[in-house]
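Quick note on the numbering used here: the sequence shown kicks off at 26 and runs consecutively.
Report on the following structure.
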Amino acid sequence: MRRILAQLYMIILRGVAIFFRPFNLQTKVVMLVTFQDNPEQILKKMADLRVSPETIVFYDPRVDETQLSYNFVRTIPLTFSSIFKRLYHMSRAKVVIVDNYFPELAALKFKEEACCIQIWHANGALKKFAWEDKATPLRAKSEQKRFKAVYARFHKVVVGSDMMGEIFKRSFLLESEDRLLKTGVPSTDYFFEQETLKQIRASYREKYQKKNNFVRTHFS
Numbered sequence: 026m027r028r029i030l031a032q033l034y035m036i037i038l039r040g041v042a043i044f045f046r047p048f049n050l051q052t053k054v055v056m057l058v059t060f061q062d063n064p065e066q067i068l069k070k071m072a073d074l075r076v077s078p079e080t081i082v083f084y085d086p087r088v089d090e091t092q093l094s095y096n097f098v099r100t101i102p103l104t105f106s107s108i109f110k111r112l113y114h115m116s117r118a119k120v121v122i123v124d125n126y127f128p129e130l131a132a133l134k135f136k137e138e139a140c141c142i143q144i145w146h147a148n149g150a151l152k153k154f155a156w157e158d159k160a161t162p163l164r165a166k167s168e169q170k171r172f173k174a175v176y177a178r179f180h181k182v183v184v185g186s187d188m189m190g191e192i193f194k195r196s197f198l199l200e201s202e203d204r205l206l207k208t209g210v211p212s213t214d215y216f217f218e219q220e221t222l223k224q225i226r227a228s229y230r231e232k233y234q235k236k237n238n239f240v241r242t243h244f245s
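So this is what it looks like as structure tokens:
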């Protein structure tokens with residue numbers, strides 16, 4: 026029954042997406058985020074570079090929305106009730122950025138001028154995920170088909186190294202090296218901001234003035 030409902034749900038989403046498809050593209054960015062670090066760094070860099078197109082961020086309610094707030098950003102909770110808004114804005118955006126698996130992507134057919142970028146939330150995935158997940162072969166054929174449809178929507182996947190690129194190629198069924206965006210993971214930019222690191226170290230020293238030394242007493 027659950028699978029039937031999921032299939033009906035996707036049929037409805039495809040119908041809505043088809044309705045929105047004739048609308049003209051707009052110079053705007055749409056982000057679907059379930060974790061904070063990567064989108065926070067991307068928005069910060071956009072603000073620093075004064076690259077400020079209309080940006081709509083659909084965020085998981087568990088994310089600290091205040092860290093994603095800029096004068097060019099509109100934030101909307103990523104909830105079931107906002108699904109049609111997501112389809113509308115993604116259908117009209119030139120750039121769509123996602124940080125996770127979103128089944129509604131399977132309902133979309135992006136225009137040639139649009140680009141969907143996956144900024145996977147795990148910085149260095151150490152476990153099997155996506156198509157390589159051990160549970161995937163056990164899923165229904167209809168579900169596997171949906172997984173493939175979602176992966177096919179990723180025009181680019183951001184990676185932090187060549188090794189991670191190979192993992193993403195297998196996990197997202199990417200046949201072409203051109204679909205890898207080897208810019209490094211946005212969340213690690215933080216470690217190259219020397220002034221910010223100095224301020225954090227100073228605040229920690231001020232807050233935690235007492236130092237405790239630790240010596241191992243057991244050696245194997």
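We treat Cβ as the ideally placed atom computed from N, Cα and C, and that holds for glycine.
Item checked: Cα-Cα separation between residue 199 and residue 160, rounded to whole angstroms -> Distance between the alpha carbons of residue 199 and residue 160: 20 Å.
Next item on the list: Tell me whether residue 78 sits in a helix, a strand or coil according to DSSP, three-state version.
Entry: Under the three-state reduction of DSSP, residue 78 is assigned to coil, being neither helix nor strand.
Checklist line | Classification of residue 219 by the beta-carbon crowding that lies within 10 angstroms, buried from 16 upward | finding: Burial state of residue 219 is exposed, judged by a 10 Å Cβ sphere holding fewer than 16 other Cβ atoms.
Check: Using the rule of at least 16 other Cβ atoms within 10 Å of the residue's Cβ for burial, across every protein chain shown, is residue 80 buried or exposed?
Finding: Residue 80 is classed as buried because its beta carbon has at least 16 other beta carbons within 10 Å across all chains shown.
Notebook entry, point to check: Does the segment 130–140 come within contact of the segment 73–92, defined as at least 3 CB pairs closer than 8 Å?
Noted result: Too few Cβ pairs lie closer than 8 Å, so no.
Checklist line | Residue ranges of each beta strand (DSSP E) within the segment 143–190, 3 or longer | finding: Those beta strand (DSSP E) runs which fall completely within the segment 143–190 and span 3+ residues are 181–183.
Next item on the list: Look up residue 210 in the DSSP assignment and say whether it is helix, strand or coil.
Entry: It is coil, neither helix nor strand.
Notebook entry, point to check: Nearest to residue 189 by alpha carbon, out of 112, 222, 89 and 144?
Noted result: Cα-wise, what sits closest to residue 189 is 144.
Item checked: Bridge-paired residues (DSSP) for residue 53 -> Paired residues: 79.
Next item on the list: For the alpha helix (DSSP H) holding residue 119, just list the boundary residues, first then last.
Entry: Here residue 119 belongs to no alpha helix (DSSP H); instead the beta strand (DSSP E) covers 118–123.
Check: Hey, would you say residue 112 sits closer than 8 Å to residue 132, going by beta carbons?
Finding: Between residue 112 and residue 132, the gap from beta carbon to beta carbon is short of 8 Å.
Notebook entry, point to check: Between which two residues does the alpha helix (DSSP H) carrying residue 221 extend?
Noted result: Unbroken alpha helix (DSSP H) run through residue 221: 219–232.
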